[in-house]
Structures are given as C-alpha cells and as structure tokens.
Amino acid sequence: MSEEIKQLYEQRLGRYQATIALEKTDRMPIATGSNYFAEVYSGNTKQETIYDSEKWLRAEEAFIRDFPEVDVLRDNRIWGPLYDAVGCKTYKLPGRDLPPRTQFQFVEDEYMKADEYDVLINNPLEFMMDRLLPRLLGELAEPGSIRARMALLKGGMAQVMMSQIMRNRSLYLEQKLGMPQPMTGFFLAPFDALADAMRGLRGVLLDIYRQPDKVMEACDVLVDEMVNLALATADPLKRYPIFVPTHKACFLSPKQFETFYWPSFKKTMERLIEAGYTIRAYLEGDWGHHLHHLLELPRGKVLCDIDNQGDIFKAKEILGNHLCIAGGIPDSMFILGTPQEIRERVKLLCETVGRDGGFIINGGCNIPYDTKPENYRAMIDAIIEYGTYDKSIDPKPRVPQPDGSKAPVQLKMVTPWEVKLAELGGVLGEEDLIRRPWELLEIMGYTWIWQWVL
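Here the sequence shown is numbered in my numbering, starting from 1 and rising by one per residue.
Printed below as a string of structure tokens:
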C-alpha cells in the first residue's frame, strides 16, 4: 500500500468511525449501501456478480474510480457456487432460478415444524444437523447418502473458496484503492433467526399465541448462537461494525416486540458491544413504535439504517444524540426523481437531521440497483456541498486496544481440542502446533452450519 493510498484509507475509515461514535469529523461520510448499484452501474448482470468474482471486483473498481468521494463500499454477500453446491432452497438466484438481471430473492417457508421447539432448545446443534439443514439444503435431503456426503465436502470447499474471494477483494480495495468496508460479519436478532429460515413469519406468529413460552425460550437459546456467528465472522481488528438486518420487528405490535423480540436482541447486541465491536443495524420497515428501546444500548455503538417506511425525522428526534442514524432519501427518488430533487432533499437532511453530525445519508438501507447514475452523482455533490462540518479536522481511524482484564472469547466447536487430545492419549511433540489448526477448522465448521439461517 502506497503512502497516498494509506492516507486515503485512514481518512475514509476515520470519518466513518467518528460519525458512528457521534464524534466531530470534517464532513458527513458517503457510506451508503451502494454495492447493488455499483455492480449494475458498471455493466454486470446480477448473475455475473454472484458467479464471476473477477467481473464483480472489476465492476467495483470501476465504480470507485468514477465515484472517488465514496468512503466505504459493502461487498456482495452471495456467491452462487456455494449455494449450488449444497442446493440451498432459501434463495432464488439470478441466471439459475430468475432472469440474469433480476435481484436474488429469499424463499421463506416453515422449514421447522411447530412441535420441534424442544429439539432446538435442548440441543441446537443436533437440531441444525439432523432436522433443519436437510430441509434447507436440498443436496442433504437424504442424510448419509453418497450425494449428501459429497455435498458436505463440496459445501466446505466452496466456503473456503468464497472466504478467499472475499478476503482478496477486501485486501485489493483496501491496499490498491484505499476503500474500507462498511461492515464485516453478520448475525440476526434471535427472533428473526427463528422466524426467517425456521418457522417462517406465519408459523412464528401462530406460535406467539399457541406456545409463547417456547418462542421466548428458543430466542434465549439462539442468543449464544448469534453471538458466536457474529464473532466468528467479524473483523478481528474491530475496525468495522458487524451487520444485522432486522426482518420481522415491523410486523409486531409494541407489546409483542417487548415480549418476544427485544429482550434477546438486546442481549445479543450488548454482548457484541462488550466484546469491543460496533453494530450496523438495518431497521427494516417502520420501527417507529420500537425506536425508543434502542436508547437502552450504549451511546455511539450502533449505526441504525432507517428504512423508507420509517420516518428519518422521528428517528432523529427519538435517538437524538445517542445513536448514529442513516437514511433519508426514498428509493423512488433515486429511481424516478431528478438531480435537482436529490440536491434539495440532501440539503434539507444536512440542515436538519445531519446538522450536528451523527448522520449518514442513504436510501432504505441500500441504494437501489436501478438508480439513475446522475442522481447518485447529485447526492454525492450535494453531500460535499452541504454536509461539511470542519475542514480543519483530519479524520484518523481507531483500532480498539485489547482489554487484558477480559478473557478472550471462546468460539464454539463441535469437538473441542480437549476431547480430541483425550482420545489421542496425549501427543509426542508441541501440542499447540496441532491444537491451533484443529480449533480453527472446528470453528469454521461450526460457523458454516449456522450461517444458513441467514
């Protein structure tokens, strides 16, 4: 990395981090969810983006060169060959199930039966391996068959390939283009983990009436699993927030939210914050009745993306100087509006919601992939013009220092090293040389199992 690129990277990351932390910086960061727009803007089909990693990277590179003011750029979270290797049923993919230029789609169903709560609660790993995965992953439909065993092998190898693609991509963007990530790592609110790929919305809404205690108990069990998933996939240097998309909160009444959704979600986020991370939470739908609960979280530790159905001005009023918020431009304006309308909207947002910082202009979590390029350019130019705070500030990133008073977080494994060591009856050489790769592969395997709830 050249000194010039290093300085650019640090300035972009420092600006982004300071805004999340509600600290002063030189200007509002341009930290929109631009990945879907970037891919289409540069000429790729949706199929090419998720199947051809080289075309995907070249598209992002072209986007960054055309819009150098952008401060962070999110990666594409789907790699088609991995989903094909295991026959993932929860996603329809462009070029395979959908036309090549169509966005991927999530397929929700009741993959978990209503009478299986006790299995999930008493042994989550057994539930995942024996019940849920054979239903989510079509290639595992006949456990123990040659085809299912081959699918597990292919799935593991595909995961390693995808991880290497993502790592190479982030290093290239960082070291060659000075571009940070807006988030690294992922998890779900425990209620969403239960509702998305297990019971489905219909099933879980029936369950909160028919077996409410089981729903709450399952959510409590899923706290540990979501914390583990987040920490296993997060940036080990803690530079970037961990991402959580919230899906079902907007369907719940305030009382239902307080009873079934918030307690386990809060516990999950508090544990991640305690571990030294910040969080970027996409508040899907209208969170108007739920926003005040977020004040229970530590100040400046969560960036909240407000969806189009939400009210950005109400979010600012409620969250005030406690949490950073993002949003404010309707998706329809990006797609159908004019550059002048975009400029006027940005000016309004900068003079109101963003007046004192702690705000990032965005669409409803993402910039629509069919945004007019001239509207995206107008947004950037207007942010530079109206979103400047103090040009004398030179943003610098911060990396949290290790807390020696806390024991390191132990990630979950199926077979811990101590069990394997006992089976071996000891080792003749240096134990750590054997233990470290054993534990790394165990952690990778455990994470692979749980990533399919997303």
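Glycine residues also receive a C-beta, built at the ideal position from the N, C-alpha and C atoms.
State yes or no: is the C-beta of residue i within less than 8 Å of the C-beta of residue j?
i, j, result
"G445", "V414", "yes"
"V409", "L188", "no"
"W79", "I50", "yes"
"V456", "A218", "For the chain, the structure presents residues 1 to 454; residue 456 sits outside this window and is missing."
"L295", "L272", "no"
"I335", "R345", "no"
"K248", "F191", "yes"
Indicate the three-state DSSP secondary structure (helix, strand or coil) for residue i in the structure shown.
i, result
"C304", "strand"
"V244", "strand"
"V355", "In the sequence under discussion, the amino acid at residue 355 is Arg, which differs from the Val named in the question. It is coil, neither helix nor strand."
"F187", "coil"
"R280", "strand"
"L137", "strand"
"R299", "coil"
"N321", "coil"
"V427", "coil"
"S264", "helix"
"L454", "coil"
"P400", "coil"
"E341", "helix"
Look up residue i in the DSSP assignment and give the residues it is bridged to.
i, result
"N362", "G328"
"K372", "According to DSSP, K372 bridges with nothing at all."
"R27", "T388"
Return the CA-CA distance between residue i and residue j, expressed in angstroms with no decimal places.
i, j, result
"R131", "G203", "17 Å"
"D71", "W287", "27 Å"
"H289", "P254", "6 Å"
"Q309", "D213", "31 Å"
"S2", "G285", "43 Å"
"F265", "M179", "31 Å"
"L8", "A38", "20 Å"
"A85", "K314", "45 Å"
"R27", "P395", "9 Å"
"Q17", "K113", "43 Å"
"Y91", "Y389", "43 Å"
"T278", "L291", "18 Å"
"L125", "R149", "18 Å"
"K6", "M183", "19 Å"
"C365", "D331", "10 Å"
"V223", "D381", "42 Å"
"I383", "R239", "24 Å"
"L82", "R355", "44 Å"
"C324", "E258", "22 Å"
"K55", "G95", "15 Å"
Practice task
Could you tell me which uninterrupted alpha helix (DSSP H) segments, each at least 4 residues in length, are contained entirely in the stretch 67 to 125, listed from first to last along the chain?
Solution key: Within the stretch 67 to 125, the complete alpha helix (DSSP H) runs of at least 4 residues are 80 to 86 and 117 to 122.
Handout entry: alpha helix (DSSP H) segments (min. 4 residues) lying fully within the stretch 188 to 245
Key = Counting only runs of 4+ residues, the alpha helix (DSSP H) found wholly inside the stretch 188 to 245 occupies 190 to 194, 200 to 210 and 212 to 233, in chain order.
Practice task
Jot down the residue ranges of each uninterrupted alpha helix (DSSP H) in the stretch 145 to 188, minimum 4 residues, whole runs only, in chain order.
Solution key: Fully enclosed alpha helix (DSSP H) runs of 4 or longer: 146 to 177.
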